[in-house]
Amino acid sequence: MDLLDVTLRVVAVLVAFLVLPLLVGQAEHKVMAHMQGRVGPMHAGGFHGWAQLVADGVKFAQKEDTVPAGADRRIFQLAPAVALVPYCVVLVAIPLGPGGLVGQVIDAGVFFVLAVLGIGILGQLMGGWASNNKYSLLGGMRTAAQLMAYELPLILAAASVVMAAGTLSLTGILDGFQWWWVPWQLVGAFVFFTAGIAELHRPPFDAPIAPEEIVFGAFTEYSGLRFALFLLAEYAGIVVISALTAVLFFGGWHGPFPDQLGWLWMLLKTGALCFLVIWARVAWPRLRADQIQKFAWTVLVPLALAQIALTGVVKVVIS
Amino acid sequence: MSFGSGLAKGLAVTFRAMTRRAVTQQYPENLPSLPPRTRGVIGLFEENCTVCMLCARECPDWCIYIDSHKETAPPAAPGGRERSRNVLDRFAIDFSLCMYCGICVEVCPFDALFWSPEFEYAETDIRELTHEREKLREWMWTVPEPPPLTEAAVEAKELTAARRAAERAAQEQEQEQGQEQGRDRPAGDETGESR
Chain A
1 MDLLDVTLRV VAVLVAFLVL PLLVGQAEHK VMAHMQGRVG PMHAGGFHGW AQLVADGVKF
61 AQKEDTVPAG ADRRIFQLAP AVALVPYCVV LVAIPLGPGG LVGQVIDAGV FFVLAVLGIG
121 ILGQLMGGWA SNNKYSLLGG MRTAAQLMAY ELPLILAAAS VVMAAGTLSL TGILDGFQWW
181 WVPWQLVGAF VFFTAGIAEL HRPPFDAPIA PEEIVFGAFT EYSGLRFALF LLAEYAGIVV
241 ISALTAVLFF GGWHGPFPDQ LGWLWMLLKT GALCFLVIWA RVAWPRLRAD QIQKFAWTVL
301 VPLALAQIAL TGVVKVVIS
Chain B
1 MSFGSGLAKG LAVTFRAMTR RAVTQQYPEN LPSLPPRTRG VIGLFEENCT VCMLCARECP
61 DWCIYIDSHK ETAPPAAPGG RERSRNVLDR FAIDFSLCMY CGICVEVCPF DALFWSPEFE
121 YAETDIRELT HEREKLREWM WTVPEPPPLT EAAVEAKELT AARRAAERAA QEQEQEQGQE
181 QGRDRPAGDE TGESR
């Protein structure tokens, strides 16, 4: 692997990291608006407000970047980066198409991806703790509680796929993918996707942010570009979770003409899952913090364990 | 209500809303078509104003300013009394105070104030929202025709009175014609009387 190849792959991942979350954000603007009988942004950029998020970014960049008195300055300023960068790192390991169309083939891909995803939540905890604000602290604590509850079903569901494929490598899982894995792992897909949404604090699991109760949770004291980075982390998280679900449970680039159109199938599956995330936000109200906990421990964890049992039984039967 | 049907209903409602056309009107491009009697702004038909001050006194937040002076006109007939009348000097409405209750329009006994649907008169300085009679007269020309009454509605009193007067005049004319039969017609001044 020469220098040019590495540079090309890194640049491609970076471009995907910068473009895809903005596309999801714009899609959320428009989809949410139309689901509510509105039209959403229409003026920025001329055609149906396509440049709305660019305008938002310019606005955020112009705002003052304040650090509250009494805050833990260094940690407070570092938190957005800790929240954002892991999602960029995760994108490196997600395969886009067959034949090495991936940032970097990692043998323990699933392990790597899940470990790095956990770090992103840490950024929000840091922000919540360092802000010296009771709302931030409440949001941070809820984030922590949610992380504890949902990391387990997330990992169990991923482990089920790993058992089915017999490999930890994301490219390896896709190479071994058969169409009947989809119904076989459907419960696991539900658990993984739901737990992923919960980790991102997307509605209906957005009690840690809950603007009506605790201002904006861990982001209350943030302004300007650092706040924008937190928001960007949320949308990057949607892309990553949707892409991971597509790779682990829906066959990633598998589809007609995988050699030529593999990247398209992967993007379509990811996009459809992103749409589901947006849809859930529009359609459903927020769960209470205790309901979120109850849902994780009494629904998702048992379902994930049942899925693992099913995977094990089928695996033994067919081998 | 079985378990989860609420969740499905939420998804269905939002998805159906997405497939339908949005109700949004893009305002600066598409102007709204507002019904008559929309409470946009108050127009003044100056000729009808008698400076009776009823509007200014009934206004709950005192946003109408009226100045006037009295003029005397010579008597109509020699030896008669001099006629005095009020002449309007200033009529202004402070739209930064106005709460669009419409009491002034309702209370005006001479139909000098009207609602207009015009609403684009924002200013950058609050003091410029006090609009004088010239501006109020301009708005008068934007007042739409009142909507027609429903078929079952009682006829307006003015119309009833006018119709009765016309009928009476026609009857009298017929009677006169009956009396005048056989004689020479006078030099056609009756046609001028009947309206």
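Top to bottom, those sequences are chains A and B. So that you can map any letter, position 55 of the first sequence is 55 in my numbering, and since no number is skipped, the others follow by simple counting. So that you can map any letter, position 70 of the second sequence is 70 in my numbering, and since no number is skipped, the others follow by simple counting. No residue lacks a Cβ here, since even glycine has one placed at the ideal position from N, Cα and C.
Asked	Found
I'd like to know whether the C-beta atoms of B/L7 and A/W263 end up nearer to each other than 8 Å.	no
Would you mind working out which of A/N132, A/A164, A/L18 and A/I121 sits nearest A/T143, comparing C-alpha positions?	A/I121
Between which residues of its own chain and A/V92 is the CB-CB distance below 7 Å, once the five residues before and five after are set aside?	V13, G103 and Q104
Short of 8 Å Cβ to Cβ, which residues in the region 21-55 of chain A face chain B?	V31, A33, H34, M35, Q36, G37, R38, V39 and M42
Under the rule that 16 or more other beta-carbon atoms within 10 Å means buried, what is A/W181, buried or exposed?	buried
Between the beta-carbon of B/C104 and the beta-carbon of B/C59, is there less than 8 Å?	yes
Would you please verify whether the beta carbon of A/V282 is less than 8 Å from any beta carbon of chain B?	yes
Where does A/T171 sit, in a helix, a strand or coil, going by DSSP?	helix
Grab the span of the alpha helix (DSSP H) containing A/F112 for me, first residue to last.	G109 to A130
Is it true that the CB of A/P256 sits closer than 8 Å to the CB of A/P98?	no
What residue from B/C98, B/G80 and B/S33 has the CA that sits closest to B/C55's CA?	B/C98
Evaluate contact between the region 129-143 of chain A and the region 211-230 of chain A, counting only Cβ atoms and requiring at least three cross-stretch pairs below 8 Å.	yes
Would you kindly work out how many angstroms separate the C-alpha atoms of A/V10 and A/F47, rounded to a whole number?	32 Å
Give the secondary structure of B/I66 by DSSP, where H, G and I count as helix, E and B as strand, and everything else as coil.	strand
Taking Cβ positions, are A/Q293 and A/A145 nearer each other than 8 Å?	yes
Kindly identify the DSSP beta-bridge partner or partners of B/W139.	None, per the DSSP bridge assignment.
Just to confirm the assignment: which complete alpha helix (DSSP H) runs, minimum length 4, are found wholly within the region 19-44 of chain B?	none
Under a CB-based cut-off of 8 Å, is B/L7 close to chain A?	yes
Could you pull out every residue in the same chain whose Cβ sits closer than 6 Å to the Cβ of B/F114, ignoring the five residues on either side in sequence?	G43 and V143
Give the residues of chain A in contact with B/L31, contact being defined as C-beta atoms less than 9 Å apart.	Going along chain A, no residue has its Cβ under 9 Å from B/L31, so there is no contact; the nearest lies around 16 Å.
Run down chain A in chain order and give the residues with a C-beta less than 7 Å from the C-beta of B/G10.	A283 and W284
Could one say the Cβ of A/W279 lies closer than 8 Å to chain B's Cβ atoms, at least one of them?	yes
Compute the Euclidean distance between the alpha carbons of A/H209 and A/W297, then round it to the nearest angstrom.	This sequence places Ile at residue 209 of chain A; His is not what is there. One C-alpha to the other measures close to 21 Å.
B/P36 to B/P147, Cα distance in whole Å?	7 Å
Are A/P21 and A/Y235 touching if we call contact CB-CB under 8 Å?	yes
For a contact defined as C-beta to C-beta under 7 Å, what are the partners of B/V23 on chain A?	G37
Taking only the alpha-carbon atoms, compute the straight-line gap between A/E175 and A/H201 and give it to the nearest angstrom.	The amino acid at residue 175 of chain A is misidentified as Glu; the sequence shows Asp. So the alpha carbons of these two residues sit roughly 32 Å apart.
State the Cα-Cα distance for the pair A/P183 and A/L152, rounded to the nearest angstrom.	22 Å
So, under 8 Å CB-CB, A/F249 and A/A159 are touching, yes? Tell me the CB distance rounded to an integer number of Å.	Not really, about 13 Å apart at Cβ, beyond 8 Å.
What are the start and end residues of the alpha helix (DSSP H) that includes A/D290?	A289 to F295
Based on the DSSP secondary-structure assignment, which residues constitute the bridge partners of A/G97?	A/L101
Rounded to whole angstroms, what's the CA-CA distance from B/E118 to B/H131? Just pull it up for me.	14 Å
Is the Cβ-Cβ distance between A/A246 and A/G237 less than 8 Å?	no
Is there a C-beta anywhere in chain A that falls below 8 Å from the one on B/A17?	yes
Just the Cα atoms here: how many angstroms apart are B/E176 and B/C63?	57 Å
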